[in-house]
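K.L.:
Take this structure first; my questions come after.
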Amino acid sequence: MREIAPYPVHSTGGTDHALLVARQVRKVYRTGSIEVAALRDLDLTVHAGELVGVMGPSGSGKTTLLNCLSGLDDIEGGSVEVGGRDLFAMSDAERTAHRARSMGFVFQAFNLIPVFTAAENVELPLLLVGTPAAKARARAMEMLSRVGLEHRVAHRPAQLSGGEQQRVTIARALVARPAIVWADEPTGNLDSAMATAVMDLLCQLNREEGQTIVLVTHDTAIGSRVPRLVRMRDGVLAEDIRQETALAVS
Amino acid sequence: MYPNLLAPLLLTLAVLAGGLGYAALRHPVSRRLAARQLARHRGEALLAITGATLGTAIIVGALVVGDTLNFSVRQAAYRTLGPIDERVVSTSASAGDEVSAKLSGLRSDARVDGVLDAHVDQAAALDRSGRYAEPRVLAWDVDFARAATFGRAGGPSGLSGAGPSAGQVVINQPLARSLNAHAGQAIALYLYGRTYQFRVARVVAERGLAGAGLGATINRNAFLPAGVLDSAAAAAGTQPRAVTFVSNRGGVERGAALTSPVAATIRHDLLGLTAQVDSPKQDVLTSARKTGDALGALFLMIGSFSVIAGALLLVNIFVMLAEERKSQLGMLRAIGMKRSRLVESFSLEGSAYALAATVPGVLLGLGVGWAVAILSAQIFRGWSADGSGLAITFAVTPTSVVNAVALGLVISFATVVATSVRISRFNIIAAIRDLPRSATARTRRLTLVTSTALALVATAAAVPAIAASQAESTLLLPALAAVLAVPALRRVAPARSVLSAVAVAVLVWTMTASVVRPHMFDNPSMAVYVIQGTLVAFSGVILVSQNQHAVLRPVRRLIQRPTETGLATRLAVAYPLTKRFRTGATLIMYTLISLVLVLLVQITGVINNSVNANVADATAGYSLRVDVNPLGATRTLTDVTRTPGVAGITSLVSAPAFATDPGRRTTAPLPAVAVGVPATGLTSMRFSSRLHGLNTDRAVWALVAADTSYVVVDQFFGATGGPNGRYYRPGDTFTVTNPRTGATRQKIIAGILANATVFYPASSSSGAVYPLVANVQAVRQLFGPAAQVSAALVRTRHGVDPQRLAPTLQARYLSASLVATPIAVNVRRSFGSSTAFFRLMQGFLALGLLVGITGLGVVMVRAVRERRRTIGVLRALGFQSRSIERSFLIESAFIAAEGVLLGSLLGVLTTWLMYQKSAAFDGVRNGYPIQWPTIAMLAAATLAASVLATTAPAKRAAKVTPALAVRVAD
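Protein chains in written order, with the numbering used here: chain C, 1 to 250; chain V, 251 to 1220.
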């Protein structure tokens, strides 16, 4: 059995430890003879414990950035190191295993496994890293309780509301205590009250547990709540802003 | 083939096609939607067309088998009859002269275009070298000039040219083959105990008069110079038999239509004479129709399981398409598309699949029919002792092809339209937002009232049906009542409990109905077997689908293991557990086909297991049956007794007869042979049932010996093919008629013989001839001089091999036309052929497995498309691509294994219950061995094929790029 938290986590606001280092990352999409450069020699460093927001207009490359830095998508050039290991120097299998150990994901469309219950969805990342079934289930229940869903553990996604599904997604993303959580428009499919609640939860996790989170959003209200905001335009980082008052819980 | 189906089928097809054509022409939006879906899902369209192609091919194949059998039997009419429609056989030439004189009026009868007199008798032949001999020869004296003009209006008679001159003989092809003889070669004929030398003038084709005989399917004919046969008979102090052939106007087949009135005229003209009047052409053509229909129906019954699987495949494809397009459909409805247009669009798309499958389906079906015909030919050869059997010739009638295509299209169209109506009934918002379907209170109330009322009607109808042992209704109506009661029961219990309880009730009733109503299978209809198999498979699958968690309990530990395999397995079983409808539909395909395959495997096993017991029953201590020329038979058989190795013989007196059906299935007279046995000859032969009060087999034989009213028969008296039923029992009566005199006697069945193989005539008849066994005196009383000793059962000494003794006897008594048949070999050959026939049916049914495997392939291809987002998420979370692939393979193996195991289990159980009670197993009950190796092989092959069919979609799933999948989804 492997340990489920291989990376040190630190207090709110980040540490000196560079968890993610992206250098000269280039990504090009090709459709027939047409080429579109989605990321142009992009550099980004994220320290452990940081909550980084990525904003930008539609088509600026936010989601591509998240996909490439998390190793979900291939890159054309450059390198991405997570926890000191170059993602794109690894084989697909190694990269997948690395993702299982060190990353969590929250998607806009929730993307829960429709045939699994909430508990089964949440325990999945733990089972993937070899946690015994009983321990995985106990930890999943704990996480679900943490996100306020202890009464919905045996429900399938179709039986949950949008907000509940997103909370299950967050629980799934955090249950294995990953080094970094990638959140792509986590509030995009939610009403404002639910969006605020979900953001509160993410901020709380970052503040209290030092969870590193990279969050893509187009919502300026959410962007104003993160300590570090990266603005993208045409595949490059246009701005990298440190904000002082971001972590207050609404 | 099945012309009576044509009109209703074409009418139904016209209505369905008319509706679809109207929709295509009048509603361009529906048409365009259907066309776009077809063009954009080519892979799935191809799989759907493949499934429909297999369905059409199975129906075409089944009907073509019927055509081939029908045509092959009809060929006997061309080979052995040609223009001959009626035949009058007299026991002597002088009696024949009287017959000829009485029938002189026929020559000017407008309905008749030929009357031909001939003399004939049994002979044996030997080639010049002495290497080739033939004991079964008919020696003829016929006027070739008259023969050439006999029935000429309808085509060639089969005999023409100059007749043989002195010292010459004209022989037909079967005799030439037996003797390896050709024109110019010398041969010897044994006539009336003396040898006559001839030179073959020419060999004539086995056609019409040249192939004619006295009822056998193959006649080895020698046409002698005029007067030679009469002289040879006179030298032996006897006369040859006389035959008068009559040809009706209208050629080989159309002439048979006049048979009834012409035969009535002949019988009227011959009143007072003892001549046998036959209508061989009509008999052959009727037999052809019956054989073709029976075999066609049998294959159609077997094929219908595959057709049901094909229909389920279409249903599954459409349900999955609808699920995948749910939000699209919701949007279309939201922007104003009527529900009827959606139904039309789906129906047009599905109909396009069905139409595209027609031509390949017909071509494949013809191939299947041809392959079955080739294999059947080999099997039928094994069914006759002399290998003459039935020459199978591949044939197809346009009626069958049109029938098959129409039936295939009607099934497809109806399935598609019904499924389209079902899937178009959704709530618009629920569809757009991908929410679970829920019926409105009004719909629920309406469903409850309607289904409960129908359940009561079905229950009321079931009571008299069960009381009367009406097979189809006994099975169907209670099952229908139980299913219709589901909405009412759901008001008092949870859905899973209700569905499980109903499934158990239907399953138990379907499997045990024959125990409660043992006579329900006394029914020649094949539909009952289709209903039984389908109900068992459906109820079994519903029971399992509702209780998958319990089924999976033994593998729960594996599923919970925190390993890649454990997770892949968990994922693999999660989908079938959740997607119950589509999994159930696929499971039913596997279960249904496996059930019937295992049923056939088990029946084959039961038959094989009973061979030795049947050999013992058939032989009853005897080793050989010998058939001899009735002329001098007593002396010949006395000589046979003295042959080294022979311990004793029992002579059989036999006479051709007609009998009514003791089972009252038909009012037509059945061709029979009355066999007289001596009082003490056969007391060791066993009965499967005896007259009440007769406690031993010997008591039955004693009654038959003492009382001429009693006879014994076997269970196949009057059988026309298909599974046997208990249509008559000891104590039942029937009438036996002497065909020469018209004299009749009422006979009582004293016992049903366990095996009557030794009493069946040795020469293959053009149709079935059923033996009835009585005492010698009874046969002689009714049949007079027609009752002759012409066969005997031979008991050999210990250590003598009957197979070696048979050729010795044939060679020694060639002049007496002795044919010796080892009984055990004959029985084993017959059982071997039955086994081969069941294997042939298994092969035919295996096409259904292809439908099931295709269905699973379709489900998996669509599953990959449907689960792209989930696959992307799993990959993002750290699921290796190989685990994704493994998960799909495990899922497919799980469904296939579950279906095959369930089908096999139900197949073994169903067959066992039938084995216990059904009359179809009478005569083969000698234990119920479960054919584990064959079943295991079947399961392994199915599993391997299913996994293979999933390999491509599984690999495609493994290649899904996580970022792309997630982005597409978002």
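Note that CB positions come from ideal geometry on N, CA and C, so glycine has one too. Just so you know, these numbers come straight off a predicted model, no measurement behind them.
Grab me the residues of residue 482 of chain V's own chain with a C-beta within less than 7 Å of its C-beta, minus the 5 sequence neighbours each way, in chain order.
P.N.:
Position 232 of the second sequence, counted from the start, is the residue given in the question as residue 482 of chain V. Excluding positions up to five away in sequence, the list reads 441, 442, 444 and 446.
K.L.:
I'd like the ranges of any alpha helix (DSSP H) spanning at least 4 consecutive residues and lying wholly in the segment 897 to 964 of chain V.
P.N.:
947 to 956
K.L.:
Given that a residue counts as buried once 16 or more other Cβ atoms are within 10 Å of its Cβ, and exposed if not, what is residue 1182 of chain V?
P.N.:
Reading the second sequence from its first residue, position 932 is the one you call residue 1182 of chain V. Classification of residue 1182 of chain V: exposed, given that the 10 Å Cβ count is below 16.
K.L.:
So residue 982 of chain V and residue 912 of chain V are in contact, right, with Cβ under 8 Å, and what is the actual spacing, rounded?
P.N.:
The residue given as residue 982 of chain V occupies position 732 in the second sequence. The residue given as residue 912 of chain V occupies position 662 in the second sequence. Contact holds; Cβ gap of about 5 Å.
K.L.:
Of all Cβ atoms in chain C, is any one closer than 8 Å to the Cβ of residue 324 of chain V?
P.N.:
In the second sequence, counting from the first residue as 1, residue 324 of chain V sits at position 74. No, because no Cβ of chain C sits closer than 8 Å to the Cβ of residue 324 of chain V.
K.L.:
Identify every residue that forms a DSSP beta bridge with residue 448 of chain V.
P.N.:
Against the second sequence, residue 448 of chain V aligns to sequence position 198. DSSP, once it has assigned bridges, lists V:437 as partnering residue 448 of chain V.
K.L.:
To the nearest angstrom, how far is the alpha carbon of residue 962 of chain V from that of residue 985 of chain V?
P.N.:
The residue labelled residue 962 of chain V in the question sits at position 712 within the second sequence. The residue labelled residue 985 of chain V in the question sits at position 735 within the second sequence. Approximately 13 Å between the Cα atoms of the pair.
K.L.:
Examine chain C for any beta-carbon lying closer than 8 Å to the beta-carbon of residue 251 of chain V, and answer yes or no.
P.N.:
Position 1 of the second sequence, counted from the first residue, corresponds to residue 251 of chain V. Legend: pLDDT at residue 251 of chain V = 48, less than 50; position of this residue unreliable, value from coordinates given subsequently. By this cut-off, residue 251 of chain V is not an interface position.
K.L.:
Are the Cβ atoms of residue 1143 of chain V and residue 1197 of chain V separated by less than 8 Å?
P.N.:
Residue numbering aside, residue 1143 of chain V sits at position 893 when the second sequence is read from its first letter. Residue numbering aside, residue 1197 of chain V sits at position 947 when the second sequence is read from its first letter. Against a cut-off of 8 Å, the Cβ pair of residue 1197 of chain V and residue 1143 of chain V comes out as a contact.
K.L.:
Looking at C-alpha atoms only, which residue of V:313, V:274 and V:279 is the closest neighbour of residue 256 of chain V?
P.N.:
The residue given as residue 256 of chain V occupies position 6 in the second sequence. Of the candidates V:313, V:274 and V:279, the one whose C-alpha sits nearest the C-alpha of residue 256 of chain V is V:313.
K.L.:
Measuring only the C-alpha atoms, how far is residue 87 of chain C from residue 95 of chain C?
P.N.:
Counting from one through the first sequence, the residue named residue 87 of chain C turns up at place 87. Counting from one through the first sequence, the residue named residue 95 of chain C turns up at place 95. Rounded to the nearest angstrom, the two C-alpha atoms are 6 Å apart.
K.L.:
Would you list, in chain order, the members of the segment 1118 to 1136 of chain V that have their beta-carbon closer than 8 Å to a beta-carbon of chain C?
P.N.:
1119, 1120, 1122, 1123, 1124, 1125, 1126, 1127, 1128, 1129, 1130, 1131 and 1132
K.L.:
What did DSSP end up calling residue 1244 of chain V once you bin it into helix, strand or coil?
P.N.:
The question about residue 1244 of chain V has no answer here: the residues shown for chain V are numbered 251 through 1220.
K.L.:
Examine the Cβ distances between the segment 529 to 542 of chain V and the segment 284 to 298 of chain V and report whether three or more of them are shorter than 8 Å.
P.N.:
no
K.L.:
Determine whether the Cβ of residue 798 of chain V lies closer than 8 Å to any Cβ atom of chain C.
P.N.:
Reading the second sequence from its first residue, position 548 is the one you call residue 798 of chain V. Not closer than 8 Å to any Cβ of chain C, the Cβ of residue 798 of chain V fails to qualify, so no.
K.L.:
Residues of chain V with CB under 7 Å from residue 130 of chain C, in chain order?
P.N.:
Stepping through the first sequence from its first residue, residue 130 of chain C is reached at position 130. In chain order: 812.
K.L.:
Can you tell which of V:1178, V:1113 and V:1104 has its C-alpha closest to the C-alpha of residue 1146 of chain V?
P.N.:
Here residue 1146 of chain V refers to the residue found at position 896 when the second sequence is read from its first residue. Comparing Cα-Cα distances from residue 1146 of chain V to each of V:1178, V:1113 and V:1104, the minimum goes to V:1104.
K.L.:
Measuring only between beta-carbons, confirm whether residue 825 of chain V sits less than 8 Å from chain C.
P.N.:
For the purposes of this step, residue 825 of chain V is taken as the residue at position 575 of the second sequence. True, the Cβ-Cβ gap to chain C drops below 8 Å.
K.L.:
Do we get a CB-CB distance below 8 Å when we pair residue 180 of chain C with the residues of chain V?
P.N.:
Residue numbering aside, residue 180 of chain C sits at position 180 when the first sequence is read from its first letter. Taking Cβ atoms only, chain V never reaches closer than 8 Å to residue 180 of chain C, which makes this a no.
K.L.:
Run through DSSP, which three-state label would residue 363 of chain V get?
P.N.:
For the purposes of this step, residue 363 of chain V is identified with residue 113 of the second sequence, where counting begins at 1. Of the three classes helix, strand and coil, the one that applies to residue 363 of chain V here is strand, per DSSP.
K.L.:
Using only CA atoms, which one of V:1023, V:977, V:922 and V:918 lies nearest to residue 955 of chain V?
P.N.:
For this step, residue 955 of chain V is matched to residue 705 along the second sequence. When each option's Cα is compared against that of residue 955 of chain V, the closest is V:1023.
K.L.:
Could you tell me the boundaries of the beta strand (DSSP E) in which residue 1030 of chain V lies?
P.N.:
Counted from its first residue, the second sequence places residue 1030 of chain V at position 780. Residue 1030 of chain V -> not in any beta strand (DSSP E); alpha helix (DSSP H) instead, spanning 1026 to 1033.
K.L.:
So if DSSP puts residue 384 of chain V in a beta bridge, which residue, or which two residues, is it bridged to?
P.N.:
Position 134 of the second sequence, counted from the first residue, corresponds to residue 384 of chain V. Residue 384 of chain V pairs with V:375.
K.L.:
Whole angstroms are fine: how far does the CA of residue 587 of chain V sit from the CA of residue 598 of chain V?
P.N.:
What you label residue 598 of chain V is simply residue 348 of the second sequence in a count that begins at 1. What you label residue 587 of chain V is simply residue 337 of the second sequence in a count that begins at 1. Each residue's alpha carbon lies about 16 Å from the other.
K.L.:
If we ignore side chains and look at the alpha-carbon of each, how far apart do residue 243 of chain C and residue 1208 of chain V end up?
P.N.:
Counted from its first residue, the first sequence places residue 243 of chain C at position 243. Counted from its first residue, the second sequence places residue 1208 of chain V at position 958. Rounded to whole angstroms, residue 243 of chain C to residue 1208 of chain V spans 42 Å at the Cα level.
K.L.:
Please look up how many angstroms separate the CB atoms of residue 923 of chain V and residue 1021 of chain V, rounded, as I've assumed it's under 8 Å.
P.N.:
The residue labelled residue 923 of chain V in the question sits at position 673 within the second sequence. The residue labelled residue 1021 of chain V in the question sits at position 771 within the second sequence. Going by Cβ atoms, the distance from residue 923 of chain V to residue 1021 of chain V rounds to 5 Å, so yes, they are a contact pair.
K.L.:
My parser needs the alpha helix (DSSP H) runs of 4 or more residues fully inside the segment 598 to 668 of chain V; what are they?
P.N.:
608 to 633
K.L.:
In terms of residues, what are the limits of the alpha helix (DSSP H) holding residue 878 of chain V?
P.N.:
Start at 1 with the first residue of the second sequence, and residue 878 of chain V comes out as number 628. Where residue 878 of chain V is concerned, there is no enclosing alpha helix (DSSP H), because DSSP gives it neither an H nor an E.
K.L.:
Rounded to the nearest angstrom, how far is the Cβ of residue 568 of chain V from that of residue 666 of chain V, given a contact under 8 Å?
P.N.:
On the second sequence, position 318 is the one that residue 568 of chain V refers to. On the second sequence, position 416 is the one that residue 666 of chain V refers to. About 7 Å; that satisfies the 8 Å criterion.
K.L.:
Since I believe residue 847 of chain V is in contact with residue 1188 of chain V (beta carbons under 8 Å), could you give me their beta-carbon distance rounded to a whole number of angstroms?
P.N.:
Taking the second sequence and counting its residues from 1, one reaches residue 1188 of chain V at position 938. Taking the second sequence and counting its residues from 1, one reaches residue 847 of chain V at position 597. The distance from the Cβ of residue 1188 of chain V to that of residue 847 of chain V is about 6 Å, consistent with a contact at the 8 Å cut-off.
K.L.:
Compute the beta-carbon to beta-carbon distance between residue 111 of chain C and residue 169 of chain C, rounded to the nearest angstrom, for a pair I have assumed lies under 8 Å.
P.N.:
Here residue 111 of chain C refers to the residue found at position 111 when the first sequence is read from its first residue. Here residue 169 of chain C refers to the residue found at position 169 when the first sequence is read from its first residue. Contact holds; Cβ gap of about 7 Å.
K.L.:
Thinking C-beta only, is residue 937 of chain V closer than 8 Å to residue 871 of chain V?
P.N.:
Walking along the second sequence from the start, residue 871 of chain V turns up at place 621. Walking along the second sequence from the start, residue 937 of chain V turns up at place 687. Cβ atoms of residue 871 of chain V and residue 937 of chain V: not closer than 8 Å.
K.L.:
Could you tell me whether the Cβ of residue 579 of chain V comes closer than 8 Å to any Cβ of chain C?
P.N.:
Within the second sequence, numbered from 1, the residue matching residue 579 of chain V stands at position 329. Residue 579 of chain V does not count as touching chain C.
K.L.:
Taking the straight line between their C-alpha atoms, what separation do you get for residue 1075 of chain V and residue 1056 of chain V?
P.N.:
The residue you call residue 1075 of chain V lines up with position 825 of the second sequence. The residue you call residue 1056 of chain V lines up with position 806 of the second sequence. Residue 1075 of chain V and residue 1056 of chain V: Cα-Cα distance of roughly 11 Å.
K.L.:
By DSSP, does residue 1015 of chain V sit in helix, in strand, or in coil?
P.N.:
To locate residue 1015 of chain V, count along the second sequence from 1; it is residue 765. Per-residue confidence for residue 1015 of chain V stands at a pLDDT of 48, beneath the threshold of 50, marking its modelled position as unreliable; the derived number appears in the next sentence. Residue 1015 of chain V falls in the strand class under three-state DSSP.
K.L.:
Taking DSSP as the reference, what is the three-state secondary structure of residue 976 of chain V?
P.N.:
Here residue 976 of chain V refers to the residue found at position 726 of the second sequence. Residue state, collapsed to three classes: coil.
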